[in-house]
Amino acid sequence: MEEDNITNTIELQDPLDYPKQAWTHFQLVHQKSPLIQCITNFVSMDFMANTLLSAGASPAMIHSVDEIPEFTPKALGVCINVGTLTPDWLPGIKLAAQVANQFKKPWVLDPVAAGGSSFRLKACLELLGLKPSVVRGNASEILALFKGCVDSTSKGVDSVHGSSDAVEAAKSLAQQTGCVVAVSGAIDYITDGDRVVYVYNGVPMLQKITASGCSVTALITAFVAVDPSHAVEATASALAIFGVASETGMDMARGPGSLRTLLIDSLYGLDEATVLGRVRINHL
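Last residue of the sequence shown? That's 284 in UniProt numbering, and every number before it is there in order.
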């Protein structure tokens with residue numbers, strides 16, 4: 001595949017010019033059209049694939065353990081989402097992470113409802129031990145990973161904590177694992193254990209669209225795949241771009257159903273002026 005011959009790095013001219021970085025990452029995804037393997041839940045497959053396509057990436061929903069050894073090396077990045085996890089899927093999920101590591105391809109973990117059950121938490125902690133490049137979850141999911149215990153207040157995929165509640169846990173988790181940790185919420189926080197970058201883009205109605213979080217994780221995977229040496233910045237860029245697309249879509253939306261469609265349309269049609277004018281990223 002052509003992706004294997006691409007040098008996956010960019011020069012960030014000004015590390016504090018976040019809107020320009022976001023546009024640069026977005027352009028790079030369009031230019032490289034990275035092949036992104038998604039092992040994800042049945043609810044999110046359609047939305048994730050269309051999000052990647054609209055951003056210029058190439059999605060592949062490959063999860064069979066029989067295909068992974070041959071297919072995963074061809075991908076530029078791997079997105080692993082445990083939303084509808086079953087014991088039958090775990091061997092393929094773990095193998096994909098291992099193959100991605102073997103071939104030095106970034107992979108991103110979405111620990112959906114990590115604190116919801118012992119089975120789910122154990123699987124997520126085992127995957128965390130396989131060293132993802134990025135972990136993206138809501139506050140409750142990140143806190144569950146940090147504490148390593150089932151959350152008795154869990155509401156499944158819905159967070160019962162604000163994103164700011166999990167910032168310190170995210171920093172500690174990043175320090176312990178060596179991966180970038182992103183906490184999604186009204187404000188998105190991204191940390192490597194030292195730096196903390198936050199993103200203000202997005203609209204509240206995203207909470208009413210199933211798989212919106214899953215889809216932004218796929219987008220993060222594409223952005224990190226084209227610039228793995230700047231995983232914090234690439235993750236922030238992806239979250240901001242997705243947020244801007246939701247904001248522009250919200251200008252015309254009548255509810256969650258129309259926003260879902262308009263978000264994809266907006267992501268497809270984002271231009272430089274809109275990105276530079278609307279991206280809101282800062283650092284602590």
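Every residue gets a Cβ at the ideal spot worked out from N, C-alpha and C, and that includes glycine.
Helix, strand or coil at residue i according to DSSP, with G and I counted as helix
{"i": "residue 7", "result": "With a pLDDT of 39 at residue 7, under the threshold of 50, the modelled position of that residue is not reliable, and the figure given next carries that caveat. It is coil, neither helix nor strand."}
{"i": "residue 109", "result": "strand"}
{"i": "residue 200", "result": "coil"}
{"i": "residue 177", "result": "helix"}
{"i": "residue 210", "result": "coil"}
{"i": "residue 165", "result": "helix"}
{"i": "residue 187", "result": "coil"}
{"i": "residue 193", "result": "coil"}
Residue closest to residue i, alpha-carbon to alpha-carbon, out of the options
{"i": "residue 111", "options": "198, 71 and 218", "result": "218"}
{"i": "residue 282", "options": "114, 199 and 192", "result": "199"}
{"i": "residue 20", "options": "174, 263 and 240", "result": "240"}
{"i": "residue 103", "options": "73, 170 and 128", "result": "73"}
{"i": "residue 120", "options": "130, 81 and 234", "result": "81"}
{"i": "residue 162", "options": "169, 186, 144 and 170", "result": "186"}
{"i": "residue 75", "options": "260, 115 and 33", "result": "33"}
{"i": "residue 271", "options": "245, 252 and 261", "result": "245"}
{"i": "residue 93", "options": "62, 113 and 70", "result": "62"}
{"i": "residue 257", "options": "266, 229 and 209", "result": "209"}
{"i": "residue 180", "options": "164, 197 and 165", "result": "197"}
{"i": "residue 173", "options": "148, 164, 184 and 78", "result": "148"}
{"i": "residue 64", "options": "44, 136, 57 and 37", "result": "37"}
{"i": "residue 51", "options": "28, 261, 284 and 165", "result": "261"}
{"i": "residue 201", "options": "274, 133 and 107", "result": "274"}
{"i": "residue 230", "options": "134, 31 and 213", "result": "134"}
{"i": "residue 189", "options": "124, 138 and 28", "result": "138"}
{"i": "residue 211", "options": "30, 195, 70 and 264", "result": "264"}
{"i": "residue 227", "options": "71, 77, 49 and 58", "result": "77"}
{"i": "residue 108", "options": "90, 136 and 83", "result": "136"}
{"i": "residue 238", "options": "247, 222, 249 and 250", "result": "222"}
{"i": "residue 70", "options": "56, 85 and 99", "result": "99"}
{"i": "residue 79", "options": "45, 88 and 56", "result": "45"}
{"i": "residue 59", "options": "22, 248, 225 and 17", "result": "225"}
Run of the beta strand (DSSP E) containing residue i, from where it starts to where it stops
{"i": "residue 182", "result": "180–184"}
{"i": "residue 283", "result": "281–283"}
Exposure of residue i, with buried meaning 16 or more beta-carbon neighbours within 10 Å
{"i": "residue 42", "result": "exposed"}
{"i": "residue 254", "result": "exposed"}
{"i": "residue 97", "result": "buried"}
{"i": "residue 168", "result": "exposed"}
{"i": "residue 204", "result": "exposed"}
{"i": "residue 252", "result": "exposed"}
{"i": "residue 235", "result": "buried"}
{"i": "residue 141", "result": "buried"}
{"i": "residue 233", "result": "buried"}
{"i": "residue 25", "result": "buried"}
{"i": "residue 284", "result": "exposed"}
{"i": "residue 118", "result": "exposed"}
Start and end residues, alpha helix (DSSP H) containing residue i
{"i": "residue 265", "result": "256–269"}
{"i": "residue 25", "result": "18–32"}
{"i": "residue 277", "result": "272–278"}
{"i": "residue 253", "result": "Taken as a continuous stretch (DSSP letters only), residue 253 belongs to no alpha helix (DSSP H), as it is neither H nor E."}
Which runs of the beta strand (DSSP E) fall wholly inside the stretch 35–88 and span at least 3 residues, in chain order?
List check, beta strand (DSSP E) in window: 35–39, 58–60 and 77–81.
Would you mind listing the beta strand (DSSP E) stretches within the stretch 95–150 that are 3+ residues and don't spill past its ends, in chain order?
The stretch 95–150 contains these whole beta strand (DSSP E) runs: 107–110 and 134–138.
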